[in-house]
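K.L.:
My numbering puts the first residue of the sequence shown at 1, with every later residue one more than the last. The beta-carbon is built from N, C-alpha and C at its ideal position, and this holds for glycine as well. There's a structure below that I have some questions on.
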Amino acid sequence: MFDAPILDPRRLCRLGETVEGHCLPADLSALQGELHNPDGVVQYRVVGSLSADQQPLLSVYITGQVQLTCQRCLEAMRFDLDLCTHLVLVPDEAALPALEEEQAGWDVIVCPTQLVVADLIQEEIVLALPVAPTHAQGPCGASTVLAAEPAAHPFAALRSLT
Ligand SMILES: [Zn+2]
């Protein structure tokens, strides 16, 4: 686990504070089963604020790269993270909105007494990972993909002879 703070989320929001830092993919224990290798870096920023009606809001921004395993060729595949999540913190479950009332782009959660920043970051990344990551066709080493590429121009071979 990486060295990220554990905070009082209500205080963070009230003061409008920002927590930011970076960690290595290897520090994210929840990701270990997903990583092809530990290369990469993850930057995070958690911004607290209050809505117009004094509701605590958390915005979570995550950028960086991790190395997943391509499910087609089983080689390493760089996966770019560019996540932005907005959370509305409500005091208890009774305050959670019904599904049909949920606003697009906002997730409503019961405010935890402690905000473990490292856990928050990990959860957001795990949610964002593709179920079956695969390279784009060009960089993928799998032969089935190469065969599917358009046939080379008939004169391309001649060019390589010169
Ligand atoms: Zn591949």
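What I want to know is whether the C-beta of Arg78 ends up closer than 6 angstroms to one or more non-hydrogen atoms of ligand 1.
P.N.:
Incorrect: Arg78 has no Cβ contact closer than 6 angstroms to ligand 1.
K.L.:
Collect the residues with a C-beta less than 5 angstroms away from any heavy atom of ligand 1 and give them in sequence order along the chain.
P.N.:
Listed by chain position, these are Cys70, Arg72, Cys73, His135, Cys140.
K.L.:
Would you kindly check if the distance between the Cβ of Cys140 and the Cβ of Arg72 is under 7 angstroms?
P.N.:
The answer is yes: Cβ separation under 7 angstroms.
K.L.:
Given a cut-off of 7 angstroms on the beta-carbon distance, is the pair Val41 and Gly64 in contact?
P.N.:
The answer is yes: Cβ separation under 7 angstroms.
K.L.:
To the nearest angstrom, how far is the alpha carbon of Glu17 from that of Leu74?
P.N.:
Roughly 42 angstroms between the two C-alpha positions.
K.L.:
Quick check: what's the CA-CA separation for Ala164 versus Pro38?
P.N.:
As shown, the chain starts at 1 and ends at 162. That puts residue 164 outside it, with no answer to give.
K.L.:
Using DSSP's beta-bridge definition, name the partner residues of His22.
P.N.:
Paired residues: Gln43.
K.L.:
Given a cut-off of 7 angstroms on the beta-carbon distance, is the pair Ala4 and Val126 in contact?
P.N.:
The answer is no: Cβ separation not under 7 angstroms.
K.L.:
Between the beta-carbon of Val60 and the beta-carbon of Val19, is there less than 7 angstroms?
P.N.:
It is not a contact, given that the beta carbons lie outside the stated cut-off.
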